[in-house]
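Note sheet for the following structure.
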Amino acid sequence: SQTIHQWPATLVQPVGSPLSLECTVEGTSNPNLYWYRQAAGRGLQLLFYSVGIGQISSEVPQNLSASRPQDRQFILSSKKLLLSDSGFYLCAWSVWAGGASDTQYFGPGTRLTVL
Amino acid sequence: AQTVTQSQPEMSVQEAETVTLSCTYDTSESDYYLFWYKQPPSRQMILVIRQEAYKQQNATENRFSVNFQKAAKSFSLKISDSQLGDAAMYFCASYGGATNKLIFGTGTLLAVQP
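Residue numbers (the numbering used here), protein chains in the order written: chain A, 273 to 387; chain B, 170 to 283.
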């Protein structure tokens, strides 16, 4: 069966510090991978998605970036965090099946607080 | 463009009773899918139910069922025999095959009263 991991689970960082959040998927090959952010009491905002190694699409211009160094690894980074980067970050995966890759499965999330 | 609207910010139900959460959507795509996700206090998003838009039959997963009205672009979730563990934020979402994007509504917070 497939599993998705995210770490760290919780992170407190000062403004201006760098960021690296990691997401890995097990039990599947060539998944689509996604990064979402959820502000407190709000819905999910798609930040990046990737359909393959080295292929990243950005949905929202900001000081965050994403990379996919391996098939089942997706990394969210920042060189300098802003207060507005605080939130709950969720990674998700999907695979092509039956002509669609519609169903996304989510990891446990990382709670980021920027002080 | 796709939009998903959940007009009920909060709902409450008595344990063992039935509750219906509302969702409307708009999409220009002919090939799309609809979902309900549950987000408990742990905040992990859990897939509750999936509906293929080309299927007229409403999806069902145990105590969870949907009422999919394609012409009205309505996709409501019915929870039968509500349990305390059903208390969570529920998100409606729409996926478009052409855009490969999952668009979420703003959520409905469901409280279950013992």
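From the three backbone atoms N, C-alpha and C, an ideal C-beta is built for every residue, glycine too.
Item, Value
"Closer than 8 Å, CB to CB, is B/T117 near chain A or not?", "With chain B covering only 170 through 283, there is no way to say anything about residue 117 of chain B."
"If you count every other CB in all the chains shown that lies within 10 Å of the CB of A/P303, and 16 or more means buried, which is it?", "buried"
"Using beta carbons (cut-off 8 Å, strictly below), is B/F237 in contact with chain A?", "no"
"By the three-class DSSP mapping on this structure, what secondary structure does B/L246 have?", "strand"
"Where does the unbroken beta strand (DSSP E) through A/Y321 begin, and where does it stop?", "L316 to G324"
"Under the assumption that A/I347 contacts A/E294 (Cβ atoms under 8 Å), give the Cβ distance between them as a whole number of angstroms.", "5 Å"
"Determine, for A/Q334, whether the minimum Cβ-Cβ distance to residues of chain B falls below 8 Å.", "no"
"Let me check understanding here. Comparing Cα to Cα, which of B/L190, B/A262 and B/L278 lies closest to B/I272?", "B/A262"
"Sort out for me which residues DSSP pairs A/W279 with in a bridge.", "A/E294"
"Candidates B/E179, B/S191, B/F260 and B/D200: which alpha carbon is nearest B/L216's?", "B/F260"
"Taking any Cβ of chain D, which residues in the stretch 309 to 325 of chain A have a Cβ under 9 Å from it, in chain order?", "Protein chains A and B are contained in the structure displayed, whereas chain D is not."
"Whole angstroms is fine: what's the gap from B/P283's alpha carbon to B/I248's?", "16 Å"
"What does the alpha-carbon distance come out to for the pair A/L318 and B/S234?", "27 Å"
"List, in chain order, every chain B residue whose beta-carbon is nearer than 7 Å to that of A/Q376.", "L271"
"Restricting to Cα atoms, I'd like to know which of A/S301, A/V287, A/T375 and A/Y308 is closest to A/Q345.", "A/S301"
"B/R212 lies in the beta strand (DSSP E); which residues open and close that run?", "Careful: B/R212 lies outside any beta strand (DSSP E) and carries neither H nor E."
"Counting pairs of beta carbons, one from the stretch 177 to 196 of chain B and one from the stretch 234 to 243 of chain B, are three or more of them closer than 8 Å?", "yes"
"Suppose the cutoff is 8 Å on Cβ atoms and the five residues either side in sequence are ignored; what does the same chain contact list for A/S366 look like?", "P303, N304, Y306, S373, D374, T375, Q376 and Y377"
"With a threshold of 16 other CB atoms inside 10 Å of the CB of A/G313, please say whether the residue is buried or exposed.", "exposed"
"Sort out for me which residues DSSP pairs A/K352 with in a bridge.", "Bridge partners of A/K352: none, in fact."
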